[in-house]
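The sequence shown runs 9 to 212 under the numbering used here.
Even for Gly, the Cβ is constructed at its ideal location relative to N, Cα and C.
The structure appears right after this line, and notes come after that.
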Amino acid sequence: MKRLIIGITGATGSIYGWRLMEMLRSEGDTEIHLVMSKSAKLTLKMEHDVDPDYIDSLAHEVHQASNIGATISSGSFHSLGMIVAPCSVKTMSNIAMGNTGDLISRAADVVMKEGRKLVVTIRETPLHLGHLENLTKLSRIGAVIFPPVPAFYNRPKTLEDIVDQSCMRMLDQFGIHVDTAPRWGEVGGVQAVGQKLESILEPA
Ligand SMILES: Cc1cc2nc3c(=O)[nH]c(=O)nc-3n(C[C@H](O)[C@H](O)[C@H](O)COP(=O)(O)O)c2cc1C
């Protein structure tokens with residue numbers, strides 16, 4: 009079975025983290041390892057009425073952020089990689105600097121040193137130069153910088169539509185295909201919108 013690590017930090021948008029796990033559960037072929045920061049638990053409480061036990065129940069294994077001896081802190085524990093969603097500026101900066109004082113930054117650092125994929129769903133705006141420099145550093149060392157920027161060409165109608173589209177594309181990064189949102193040009197996707205666009209665009 010393949011494994012994926014999900015890190016949830018205290019940036020707003022905790023829904024991205026647990027929606028990813030719901031999608032992985034529906035796909036049914038991935039072992040989910042969850043680690044949430046202390047701030048993530050606070051933000052979750054502020055943003056949603058969802059029971060924290062429900063969030064935990066979506067993972068096959070829940071690791072405490074303070075447990076730097078957890079399985080996911082070692083490169084010998086194999087995984088496809090890790091998604092940190094949402095990722096705060098604090099955790100993003102820690103990962104960029106190699107400051108591995110908690111399990112989220114340690115697991116992320118390990119994933120990169122092992123040449124596995126790290127997706128960083130940075131959630132902050134606007135960004136100052138310090139943020140951009142740290143993001144550039146992270147990109148240089150191999151992370152995928154994935155701000156959860158909504159698409160509109162698929163005509164989202166609900167907040168869930170917007171979240172699902174971003175989460176679907178995060179999982180695409182790992183070759184995990186869950187079709188929870190319309191895909192451009194595919195049958196059952198946004199073909200109709202695409203066709204409409206063709207009739208709007210001037211021929212080249
Ligand atoms: C409701 C709420 C929303 C927040 N949103 C953000 C955010 O979007 N981005 C961010 O970088 N920090 C945000 N923060 C601040 C982080 O939670 C804070 O910097 C925290 O120390 C991050 O720690 P962590 O990375 O260990 O979770 C928010 C805090 C609260 C309470």
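For Thr-108, the CB stays at least 8 Å from every heavy atom of ligand 1.
By the criterion of a C-beta distance shorter than 7 Å, Asn-107 is surrounded in its chain by Ser-113, once the five residues flanking it on both sides are discounted.
Remark: the shortest separation between the CB of Thr-20 and any heavy atom of ligand 1 falls under 8 Å. Taking all protein chains shown into account, Met-54 has fewer than 16 neighbouring C-beta atoms within 10 Å of its C-beta and is therefore exposed. For the pair Thr-166 and Phe-85, the Cα-to-Cα distance works out to about 38 Å.
Taking C-beta separations shorter than 6 Å and ignoring five residues to either side along the sequence, the partners of Ser-47 in its chain run Gly-18, following chain order. At a Cβ-Cβ threshold of 9 Å, Leu-179 and Glu-35 count as neighbours. Taking 9 Å as the cut-off, the beta carbon of Val-58 is found no closer than this to the beta carbon of Met-90. Within the stretch 83-129, the complete alpha helix (DSSP H) segments at least 4 residues long are 97-105, 111-121, listed from N- to C-terminus.
Distance from the CA atom of Leu-28 to the CA atom of Gly-15, rounded to whole angstroms, is 11 Å.
Bounds of the beta strand (DSSP E) holding His-41 are 38-44. The distance from the Cβ of His-71 to that of Ile-23 is about 20 Å, inconsistent with a contact at the 8 Å cut-off. Glu-141 and Met-105 have their C-alpha atoms roughly 11 Å apart. C-alpha of Leu-143 to C-alpha of Ser-65: approximately 32 Å in a straight line. Minimum Cα-Cα distance from Cys-95 among the listed residues Pro-155, Ile-149, Cys-175 corresponds to Pro-155.
For Val-171, the three-state secondary structure derived from DSSP is helix. Secondary structure note for Arg-148: its alpha helix (DSSP H) is the uninterrupted segment 137-148.
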